[in-house]
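**Q** Residue numbers for the sequence shown follow the working numbering, so the first one is 14 and each next one is one higher.
All C-beta atoms in this analysis are idealised placements derived from N, C-alpha and C, irrespective of residue type, glycine included.
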Amino acid sequence: MSQSTASSVVDFLSIVERLKRTKRTGWVNSGISGPESIADHMYRMGIMAMLIDDSSLDRTRCIKMAIVHDLAEALVGDITPFDGVSKADKFKLEKQGMHDIVTTLGNSRAAREIEALWLEYEEDQTNEAHLVHDLDKCEMIQQAMEYEISDSIKLDSFFNTTKGIFRHPQVQAWVEEIYRRRRAATD
């Protein structure tokens, strides 16, 4: 079994640092001043996964998946559905990015775990992946609501593209509360 060297870990952490600097494309395209970074988004998703109270899920796996699900974006950027890149091409680019990350980490156990978590998220076949997909979109509309309030801007498209897609009951309750607060802020 291969192990990461100190040099490969520092190289990897430098890749991860890009997530702290890369602003989320959807917010940039919407004219948000000082938009959140990809790392900001993944961090809050990790916190959200910690708040899930569901004994049928491996919560630790969900937390880990939340903090690595957009990791390849450090190398390929934040590609949105509106960027003209097909889902297949986006997957291919991100898969290559994950391969490069695994190589950077010397194909270590940790690197293979990161890659497996990313692939599980992408394939969306497990209950944990379903939850993390819900968290991804729930975090997005939470942020959209916050930008609507702080920047006095309407971000309907973020809400319209996620309407009715949430599967987990606890996340559905959070989404209902987000909608309630959004309505109250505009009344």
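Apart from the five residues on each side of it in sequence, which residues of its chain come closer than 8 Å, Cβ to Cβ, to residue 126?
**A** By one-based count along the sequence shown, residue 126 stands at place 113. Closer than 8 Å at the Cβ level, and outside the excluded window around residue 126, lie 77.
**Q** Using the C-alpha atoms, what's the distance from residue 88 back to residue 110?
**A** Within the sequence shown, the letter at position 97 stands for residue 110. Within the sequence shown, the letter at position 75 stands for residue 88. For residue 110 and residue 88, the distance between alpha carbons rounds to 6 Å.
**Q** I'd like to know if the region 155 to 167 and the region 37 to 48 are in contact, where contact means that at least 3 CB-CB pairs between them fall below 8 Å.
**A** Verdict: yes, contact present.
**Q** Can you list, in chain order, the residues of its chain with a C-beta nearer than 8 Å to that of residue 106? Leave out the 5 residues immediately preceding and following it.
**A** If you number the sequence shown from 1, residue 106 lands on position 93. Correct list, in chain order: 85, 89, 92 and 98.
**Q** To the nearest angstrom, how far is the alpha carbon of residue 160 from that of residue 49?
**A** Residue 160 sits at position 147 when you count from the first residue of the sequence shown. Residue 49 sits at position 36 when you count from the first residue of the sequence shown. Going by the C-alpha atoms only, they are around 10 Å apart.
**Q** Kindly indicate which residue of 141, 136 and 193 has the alpha-carbon position closest to the one of residue 59.
**A** Locating residue 59 in the sequence shown gives position 46, where the first residue counts as 1. Taking only the C-alpha atoms, the option nearest residue 59 is 141.
**Q** DSSP beta-bridge partners for residue 36?
**A** One-based indexing of the sequence shown puts residue 36 at position 23. BP columns for residue 36 point to 50.
**Q** Would you identify the three-state DSSP class for residue 67, choosing helix, strand or coil?
**A** On the sequence shown, residue 67 is found 54 positions in, with the first residue counted as 1. Residue 67: coil per DSSP, three-state reduction.
**Q** Starting from the Cα of residue 173, find the closest Cα among 32, 158, 133 and 69 and give me that residue.
**A** For the purposes of this step, residue 173 is taken as residue 160 along the sequence shown, with counting starting at 1. Of 32, 158, 133 and 69, the residue nearest in Cα terms is 158.
**Q** Please look up how many angstroms separate the CB atoms of residue 19 and residue 32, rounded, as I've assumed it's under 8 Å.
**A** On the sequence shown, residue 19 is found 6 positions in, with the first residue counted as 1. On the sequence shown, residue 32 is found 19 positions in, with the first residue counted as 1. About 21 Å separates the two Cβ atoms, so there is no contact after all.
**Q** Report the option in 176, 38 and 25 whose CA atom is closest to the CA atom of residue 192.
**A** The sequence position of residue 192 within the sequence shown is 179, counting from 1. It is 176 whose Cα lies nearest to the Cα of residue 192.
**Q** Confirm, please, whether the CB-CB distance from residue 119 to residue 16 is below 8 Å.
**A** To locate residue 16, count along the sequence shown from 1; it is residue 3. To locate residue 119, count along the sequence shown from 1; it is residue 106. In this structure, residue 119 lies closer than 8 Å to residue 16 by Cβ.
**Q** For residue 138, which of helix, strand or coil comes out of DSSP?
**A** The sequence position of residue 138 within the sequence shown is 125, counting from 1. Here residue 138 sits in coil by DSSP.
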